[in-house]
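In the working numbering, the protein residues as written are 1 to 427.
Heads up, the beta-carbon is just placed ideally off N, CA and C, and yes, glycines get one too.
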Ligand code: ADE
């Protein structure tokens, strides 16, 4: 049920599980804030300059504490915020309640049905946003298909993740994209850290929290060797797993091989894996023929954006019974063996844990905050395309992050600068 609050922030609407959970959510947000120094500096600037005064920002992101810090940063910059989740299982109800208390319009709860999920995206769009911040492109997709009457008002958007960028580039190719979008995912200070170290740590975190099982000595099959797969494979290896990588791209497969992993087809990996983690961004990576080959007790989970990497319909069709054996673990009985699915095959790091570490999201969300400001200041000059984050923004975020970590680096001397620019000077 939609409710409203009226206080010093003005009147706003919300639909969350329980508004009384706000104090717990507030504690989580405070903790995250303390560990997100780069976003903190941007917040200070925004607070002073109020660049978003009079601007409504519609957001669909995993609604957990770090996301709340981003939303609050934009609010401090003068924006009105309407926010929902970008996955039915990743919203933290206490954080959503705290966001409503903090002055945002919030429509999100953990465990939304598909209809409720789309209803909540629509509720955000009902606020007629000027700027969109999306993770996975569902909000932008809805705008371009069912809410086209709102397109005229949109200055542009920012997209967080690989899956969303793939969709947006397909829209751009077909001439279907109706506003400029900043590609936050491909900023160096995003993917090199978030996709790799973020997913690497948080996916393993989700598995460990949920199962309470040992990684050491297990055969862990990582499907996909993009930046997320690289991170997961690296961390699983670091914890003593025997890591197998499956990949369709020969260059990435070669990289995995030379990084020291066993590389094979999923049909071969299926027979030996104890834990399977999909990170491909593609559907049906683990399907019927693989499930039939798996060992008794194999654990399946996904770290890609959508819950279609493990074919759940196949799993259900093969199963003679399904039951929940532990929070976030479903047991599928296939003849005399059992397979275990974590977090309904949704992003294991968010459905079964708290998402990426704060220090990593600090940089990802600094890119979102500055990306939104870039759209605000440049939208009239931009075409309806997907744009890379300016390199200067990346350098600034990296420099601020290093500073916050107390790391100093060298600078080129004038002589060195000249040397690098002079093509005549060889020795
Ligand atoms: N927390 C908020 N957004 C996230 C994302 N896209 N991945 C991991 N953790 C997150």
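Following the DSSP letters along the chain, one finds residue 279 in no beta strand (DSSP E), marked with neither H nor E.
Per DSSP, the unbroken alpha helix (DSSP H) holding residue 290 starts and ends at 288-293. A distance below 7 Å between beta-carbons, with the five flanking residues on each side excluded, links residue 136 to the following residues of its chain, in chain order: 86, 161, 163, 164, 305. Exclusion of the five residues before and after residue 83 leaves 59, 71, 104, 106 as the residues of its chain whose Cβ lies within less than 6 Å of its Cβ. Residue 158 places its beta carbon less than 8 Å from that of residue 181. The C-alpha of residue 186 is placed about 15 Å away from the C-alpha of residue 199. In this structure, residue 345 lies away from residue 64, with their beta-carbon atoms at least 8 Å apart. According to DSSP, residue 81 shares a beta bridge with 57. Not one heavy atom of the ligand ADE sits closer than 7 Å to the Cβ of residue 190. Apart from the 5 residues on each side of it in sequence, residue 16 sits with its Cβ closer than 7 Å to the Cβ of 93, 96, 97, 100, 106, 108, 109 in its chain, given in chain order. Between residue 342 and residue 301, the beta carbon gap of about 4 Å places them in contact (Cβ cut-off 8 Å).
Comparing alpha-carbon positions, the option among 295, 235, 290 lying closest to residue 272 turns out to be 295. By the criterion of a C-beta distance shorter than 8 Å, residue 375 is surrounded in its chain by 131, 155, 156, 157, 158, 180, 182, 382, once the five residues flanking it on both sides are discounted.
Setting aside the 5 residues that flank it on each side, residue 73 is surrounded in the same chain by 39, 42, 43, 46, 369, each with a C-beta closer than 7 Å to its C-beta; the list follows chain order.
If you draw a 10 Å sphere on the C-beta of residue 207, you find 16 or more other C-beta atoms in it, and that means buried. Going by beta carbons, residue 310 and residue 278 fall inside the 8 Å limit. In this structure, the alpha-carbon of residue 210 lies about 7 Å from that of residue 328. Listed in chain order, the non-local C-beta contacts of residue 287 below 7 Å within the same chain comprise 311, 314, local neighbours out to five positions each way being set aside. If you look at residue 99, you'll find it in the alpha helix (DSSP H) that goes 93-101.
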